[in-house]
Structure formats: C-alpha cells, structure tokens
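Novice: Before we start, here is the structure in question, set down as structure tokens.
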Amino acid sequence: MFLPLTAFPVPSNPQVDAAYGVLQRTIGARAKDFRLSIDQPNSPTDSFKVTAANGIVHVVATSGVALCRGAYEYLKDKCDSFVSWEGSNIHLPARFPDDRRSGYCPVPFRHYYNICTFGYTTAFWDWARWRREIDWMALHGINMPLALTGQDKVWQEVFKSYGVPDSSLEAFFSGPAFQPWHWMGNLNGHGGPVSQAWLDGQAALQKEILAGERALGMKPVVPGFSGFVPTDFAKYVPRARLQSPTAWCNFAPTTFIDIRDPLFVEIGKRFVQAYRKLYGSDHLYLCDTFNEQNPQFPESTKLADLANAGRSVYEGLSEADPKAIWVMQGWLFYNASGYWKAPEVQALLSKVPDGKMIVLDLACEQYEVWKAQPLVAKKGFVFCTLHNFGQNTGLGGDLQGNVDRERAALTTALRDTSRPPDTNLLGFGLTPEGIDQNPVMVELMSDSMWLHEPVRDGFVPTIPVDSWIQDYARARFGADLPQTREAWQILSKAVYSREMPWYYDQWRGRPGKLKKGRPIAQMHALERGIGLLLQAAPRLKADPCYQRDLVDFCKTWLGGIADREAYGAMKFHDEDPAKYALYKSSFFDTLEDIDRVMATRPEHRLTTWIKAARSWGSTVAEKNLFERDARLQITAWDGRGALTDYANKEWAGLIEDFIARRWRLFFDALDAGKSEPSGEDYLGLEMTWVNSTTTPKESPPADAATLVALVYAKYKGETDKLDAAIGDQEPPGNLARQGVASDDGGTEAGGSPSNAIDGDLDTYWAAHPYPRQWRLDLRQIHPIKTIEVFPYWGDRRSYQYTIDASSDGLDWRQVVDMSKNERPSTAKGDRFVLDQAVSARFLRIEMLRNSANVGVHLLEVRVYDH
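The working numbering runs 29 ahead of the 1-based position in the sequence shown.
Written out as structure tokens, the structure is:
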C-alpha cells in the first residue's frame, strides 16, 4: 500500500507540473521547498508518501491528485494551514518541520458534485472561480468530478444534424440557473432562451475546466444521451417514436425518444462522437433517463422494456466509445422506490456488461440504495454523502453518523470475499446539490476517504469526531487556541449531531403560522460558542475562515431569535396588542441585523450572485435575462408556487429586499384586520421582485468580527427572555410523551419513530416508501378526546393519512380520516377533537401518501384526554 521514497531529482511529467501549479497557487513561492514525483502511475488506487527533512518536503504519489492530497495533509497537520471555499488560511513556518506520513484510498474513485450543483452553485462561474475549485478538488483528493458545463453546444450540433432549427432549440434549452433540470429531462426552456454567445462561452469554459482537471489525473464524468429531445422533434424526424414521461413538478411534460426505438442508440452514438470531437473523453458518461419521472411502459412488457432501456443507453455510449462506462445517479431508486423494486432494478441493469456501469448512491446519509438493492451493490457503486438540497445555507449535519456509515460500507466491501464480490464499492462521493455551505462536513468526509494504516481483519475503524474536530479548528484558524477548541467542541455537538438537509429557519420562507424555532439547548450552545469565538478575535479577526464561522454561527443564532419573535407576534396578535407590536418590531429589527451580519462576507451577498449572472450577458437584454434567472432560482423557482423557497438563502440583500417584504405584506394584512395573504398574493410580490433589475437593498460591507461583537452584545440572553415571555407552545397533558413509538419498517437514518413524541418540532419520524404505519403505545388505556398531528411542512406538500385507535392492539376503530386530504401541511398541524372520547391504549397512523415524494414524515403527535 505504501510507496517507496523516490530519490530527488526526478524527471518532470505533466501531472507533477500540474500539482506544482496547485501548490504555487496555494502557498506561493514556498512551493519550491516541495519535491514532487510520481511512482506506480498505473496503480488502480491512489496513495502517497510524505517525507520532510532539512526543510524540504518530498511527496511521492501515484497521480497528480494524490500528490496534492499528500501535500495538503502535511500542510494541515504540520503547518496549521487550511484551504476552504471561502478562502485560504496559510501559515508557513520559516523552515518546514520534519515529518513522515503516508496515506491511501482503498477504492478507485473520489467523486464530486451533484448535477444540481451546476445550477445552484456553478451556473455563473468564470474560469478564475473554476481554477480555484479545481485546486480545491485536488487538495481534497477528488479524482472523479462531474463536468457538465458546455454540453448544450454539442446538443445544438447533434439536433441540427437532424434538421432541428434554431427556433426549436431556443424553446428547448433552459436558462443558466435551470440547466441541470433540463439536462435530466425534467423541463424545457425554463429561464431561456440563451444566445449563441452563451453557448460558445460555455464551450470555451468547459475546455479550460477539462484541461485543468485532466492535467492532474482526474477522470471527469461527462454527459451522455439520456433520451430527451425537443418536443417537436418528430416534425423534423418523422420516423422518430416519441414518448412523454410523467410531468415533473407541474412543468409541462418533456419528450424523449422511445427507448425501444433504434433511433435512441443512433442519437446516443452521434452525441458521444460529437462530444469527444469537441472535448475529448475519459470514458465516464452520466446518463439519467428516469430522474423523478417513472417509465411509462405497459405492465405486461415492463421488465423487458426496462432491460432494453438499459441496453439502449449503454449501446448509445459504447458504439461511439468502446471503453465507455455508464455512470448513473441512483437517486431514482430512493426517490421512486415504490416503482423500483428488485425486479425493475434487475431488469434495468441486466443488459449492461459487468464493469461498464457505476451507480452513484447519491444520498447514503438518508438511504443506502446499495443495501436495499443488492444488484446495485454487486454491479458497482460509489458511496455518496448528499447532505444538502437546493444549496440550503443553513448549518447542520450528522458528522459522526455520516463517517460511521461510510466506514461501515468500506468494512463490508473489504470483508466480502465472495467471487464475484457482492459489494463492489468503487468509491466515495460528495454530492451536495449546492456547495459553499457547511465546510466542516465536506472536510470530514474528504478526510474519511483516505486511510493511514493497513486494514486489519477487514475492519475499517471510524474517525472519532470529538478528536478530529480539535484538529479541524486548529488547522482552520491556523492556531491552537483554547477558546476556538472549546467553541467548536460545543458547536459540533449542538449543530452537527443530526442530519437535517431540508431544514431552514421559518422566517426565510413564506409567512404563516410558526412554531417557536430552534430548541433552547441549541440556542444556548450557539450563544456560548459565538462568545468563545469572539474571544479569539484579537488574533484571528483578519482570517477569512474565522470570519466565515463567526458569521455562520451568528446568523444561525439570530435566525432562531427571529423565529421566536415572529412566533410571539402571532401568538399575541389577538391577546395583547402591545406585545404584538413589540415582537413584530423586534422581528424586523432582527432581520435587519442578520442582513448586516451576512453582508460582511462576499459569498453571503445577493449582489455577488447577481453580478456573476450579469457578467455572462453579451447585451443589456441578456444581462437582464440572466439576472432574472438568478433571482428566480433562489425565490419563486418555477414561478408558479410549487417550488417556492426550495433554493432559499440567508444572503444579505435577499433578506432586506425580498424576505422582509413578504413579512411586511403578511403583517400589513393582520394590522388591517384582513385574513392572511393568499399564495397568489405572495406569488405576485415574488415575481415582481424577480423581474426587477433595481439594485437590491443590501447592507454595506463591514468588519465581521467587529459587527458580530456588537450584535452579540445586543442579543445576549435574548433567547431565555423570549422563551420566558412567550411560553411553551405545547399545551400541558400530552399523553403521547409517556408512550412508546414504533413503525412497520422503512425507517430512514435519523428518523426514529420516537422523534414524533419527543416534544421537539425540529425532529421527525421519516420512513419510505408510503404507505407506512406509525404506532403509539400509551402504556395504559386512556379516554382520548383530542389528537394533534404535525406532518412535515414548509414546501406546500400535503399528506394523506388515517388514524385508528384500539384498547388491546387487536380490534381497531378509525377515528380520523384524512385519506383524501389535499390541503398543504402547515406549522399549525392538524387538530382533531373527537365527538366522543375513545378509550384506547394504542394509536396507529397510516401514512398513505405525500404529494412531494415517496417518504412520510411526522414532526410530532400529541394526544389529550380533554
């Protein structure tokens, strides 16, 4: 596993030169003190060895990426230096310290990116930003990045070869911020049209991206043909047999070539040939034919059709590139697990040769497809951590749980001695829908991809996060300070102890009746952690990583306070006009302070996003179009209310210019004695803002440490004051709190049935696919009069369910029927007062359907005898 030290000097090669380039951009002239060389370049897995002596650091590795990873581990551990999205913290001693270390990755691939990242994060990046990202990838050991930019230029050529005119393609291609969903066949034309200048500019950018990645030995995953064509394709190719899948999120159905039509393979072949001619290829192609859109095959021929679907996708690749490997996101096997049972998965994969497919198990922190679908595990998969939807900028995640799951998967793969292996783990992956959020999670999971000791007895030990977090704080801040050590120890336990990828503070969404917000224990931890971090300001205030942590934890703390203030205003609206006015005023004051805090960091400013979007426009009209794209994605998304706030952010400017406007509309209605504004009222305001090109109202930049210190002094102790004044929102006498909860299976990681009776509206029971049953044993018979049910809410989803009661667990009586419910869930939950009390010990809730996905979720269930 460990490489012998190669004597210096060694002949240079392109990957060594590229690795030196990364080091030079990272540590400047001190890169001259590193001696890099490559040994065993054809090794199927990567490894490195670092030997530092007499101020010179020798790194020997199997690839350019492994060279960078070895150098970065040395810099982090021995030089307290750190490279993050928000900036680098480099502290180099006059003489590099002596050291010996080695590391290896036991599987071939370290994957990076979700297809959605190319909309939520990278849509408007230029080459300078991509250059920084490629350096980040190399230092973190990534060797299998998605590389999807510039593909519309190839589609243009391919479809024109079939006679499709520009007018059809203008209606087909989507705007920059919505390209990923167009590439997956979910929608057409949304946010478009785009110009030839845009297509050409993206093609030129992709050439630079691929050259930068390949120079380091990375193997980029590029697009293949998944079947989607312009809706009027048959007009120009009459022989084409077309189908429309189920519509996605209320968009018009898209169109694809019938996967049984020989034309499917023909177009796939033509696309790959054109792609290789323009960009080259490393033989890895991403194809997602049924993403969140179930196949429309007759039941009688479904399995045969699915088998031919897999064959057609693969043949479209392999006929143009005999070395082609089909890479597929495994999200469909989770998101539509009700459709993709074992026979369907078996059929789809059956005609793809072994060794020619890689399934990205996209969200293993929520659902491990490789465990549920043995053929996926056997065919070959990459264990991925998704963690984030819509580039949600909220803090959170399960540090220890995620690394434990990854290491357990590796242990299973290494212990699998059957031939052929039943667990063919090919790599690890980072697949957030958006990046530049929660850097601690990404740092841990990239560290976890590398081992430093030989595996003994097939068992791979996990990483103890309690000790790892201390090293993280030291390297991130370039100093081992007791205040920062303690702060991160507190915050990691309070904020990063459970996975909540969908969570965001309520004030960020459309106004409505709220729950009180973050748990009091977490608010106390945030307040304590921020205070400790501020103690280190005299030494660290200029460091970008320190500034980022101060800002991120402060906005999270202030967000919890804002939720409480809004909740208090609504609670006292009818009870106490003076308190209502006080809390309403305080709420808007807090939003303004969050905006001020966020404006201290450029990556947290709305104007940064808009400026990047406008920079790609070649005319004023196109600049305005791209700004509209940028505004639309982070607010109304689809423009019809179905996906509003899915990609919501806490950015400066967005808070003051958009979020606060919606809340003013809400409170103005209350003050006027009117009912709450309707969805149409909000949508009108939202789209007016989306279509504007007026410079957003955004707080001016300021010094982060100075401003956070002022805000901290202002709000310290405020959480306890608010909780004391507002009171507990759960009425006393809840019988469920003394009960025992269970379910009938399908439980998701972190979604225990007991979460629905823990008194915390931020935790929830989660299971899939529906229907699923949640059960409650009250331990003894009670007269049940009132039942309160809080399904997950926040994105206008609705749940259908029934509630049955029983005294003995054998004979059941239905007491609530919500089986036809279409009303969206809200923070108020559903309250049922029975006509007559029912004597029961047991309750069961049959969760029948969720309008948003196949999972079912209960935040809380309350039971009363009155």
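We put the beta carbon where it would ideally sit given N, CA and C, even for glycine.
1. Exposed or buried, which one is Ser447 when buried takes at least 16 other CB atoms within 10 Å?
2. CA-CA distance, Phe31 and Glu348?
3. What is the DSSP secondary structure of His811, reduced to helix, strand or coil?
4. Expressed to the nearest angstrom, what Euclidean distance is found between the alpha-carbon atoms of Asp697 and Pro540?
5. If you follow the alpha helix (DSSP H) that Gln208 is in, where does it begin and where does it stop?
6. Identify which residue in Pro490, Asp465, Ser836 and Asn417 has its Cα closest to the Cα of Glu904.
7. Short of 6 Å in beta carbon distance, which residues of its chain neighbour Lys745, apart from the five on each side in sequence? Order them along the chain.
8. Please classify Gly774: is it buried, with 16 or more other beta-carbons within 10 angstroms of its beta-carbon, or exposed?
9. Please classify Trp718: is it buried, with 16 or more other beta-carbons within 10 angstroms of its beta-carbon, or exposed?
10. With Arg129 as the anchor, note down where its beta strand (DSSP E) starts and where it stops.
11. Run through DSSP, which three-state label would Pro800 get?
12. Take the Cβ of Asn535 as the centre, count every other Cβ of all protein chains shown within 10 Å, and call the residue buried at 16 or more, exposed below.
13. Check each candidate in Leu428, Leu424 and Ile354 and name the one with the smallest Cα separation from Leu455.
14. Using three-state DSSP, classify Pro38 as helix, strand or coil.
15. Residues in its own chain within less than 7 Å of Pro656 by CB, not counting five upstream and five downstream?
16. Can you tell which of Ala770, Gly788, Met599 and Ala176 has its C-alpha closest to the C-alpha of Ser781?
17. Please go through the segment 405 to 465 and give each complete beta strand (DSSP E) segment of 3 or more residues, from N-terminal end onward.
18. When the distance is taken between beta carbons, is Trp803 closer than 8 Å to Arg873?
19. Just the C-alpha distance for Val136 and Asp311, rounded to the nearest angstrom, thanks.
20. Mind checking Lys703: buried by the 16 CB within 10 Å criterion, or exposed?
21. Do you know how far the Cα of Val844 is from the Cα of Leu863?
22. Could you name each continuous alpha helix (DSSP H) segment of 4 residues or more that falls completely within the segment 257 to 317, going from the start of the chain to the end?
23. Inspect the beta-carbon positions of Asp787 and Phe871 and report whether they are closer than 8 Å.
24. Expressed to the nearest angstrom, what Euclidean distance is found between the alpha-carbon atoms of Gly218 and Asp261?
25. Report the partner residues of Asn879 according to the DSSP bridge assignment.
26. Considering only the beta carbon of each residue, do Pro461 and His416 sit closer than 8 Å?
27. Got a sec, what are the start and stop residues for the alpha helix (DSSP H) Ser76 sits in?
28. Thinking C-alpha only, which one of Thr735, Asn720 and Gly682 is nearest Lys726?
29. Write down every uninterrupted run of the alpha helix (DSSP H) in the segment 572 to 633 whose length is 4 residues or greater and which is fully enclosed by it, in chain order.
30. For Gln325, which of helix, strand or coil comes out of DSSP?
31. Got a sec? Which residues, its chain only, sit under 6 Å from Gly646 by beta carbon, not counting five neighbours each side?
32. Quick check: the Cα distance between Arg568 and Glu162, rounded to an integer number of angstroms?
33. Within 8 Å, do at least three Cβ pairs link the segment 198 to 215 to the segment 270 to 282?
34. Going by the CB atoms, is the gap between Ala765 and Arg891 shorter than 8 Å?
35. Comparing C-alpha positions only, which one of Ala365, His140 and Asp68 sits nearest to Asn882?
36. In terms of alpha-carbon separation, which member of Pro511, Gly253, Arg160 and Gly419 lies closest to Val386?
Specialist: So, from the data block:
1. exposed
2. Any reading at Phe31 needs caution, since the residue's pLDDT is 36, under 50, leaving its predicted position unreliable; the model's value is listed next. Phe31 and Glu348: Cα-Cα distance of roughly 39 Å.
3. strand
4. 12 Å
5. Gln208 to Trp212
6. The requested residue 904 is not part of the displayed model; the chain covers only 30 to 895.
7. none
8. exposed
9. buried
10. Asp128 to Tyr133
11. coil
12. Here residue 535 turns out to be Gln, not Asn, going by the sequence shown. The residue is buried, with at least 16 neighbouring Cβ atoms inside 10 Å.
13. Ile354
14. Legend: pLDDT at Pro38 = 44, less than 50; position of this residue unreliable, value from coordinates given subsequently. Coil at Pro38, not helix or strand.
15. The sequence given here places Glu at residue 656; Pro does not occur at that position. Closer than 7 Å at Cβ, skipping near neighbours: Ile639, Ala642, Arg643 and Thr722.
16. Ala770
17. 410 to 414 and 454 to 459
18. yes
19. 18 Å
20. exposed
21. 7 Å
22. 262 to 265 and 291 to 308
23. no
24. 13 Å
25. Tyr828
26. yes
27. Element bounds for Ser76: not the alpha helix (DSSP H) but the beta strand (DSSP E), Ser76 to Ala82.
28. Gly682
29. 573 to 600 and 606 to 627
30. coil
31. Lys652 and Phe655
32. 28 Å
33. yes
34. yes
35. Ala365
36. The sequence given here places Met at residue 386; Val does not occur at that position. Closest option to Met386, Cα to Cα, is Gly253.
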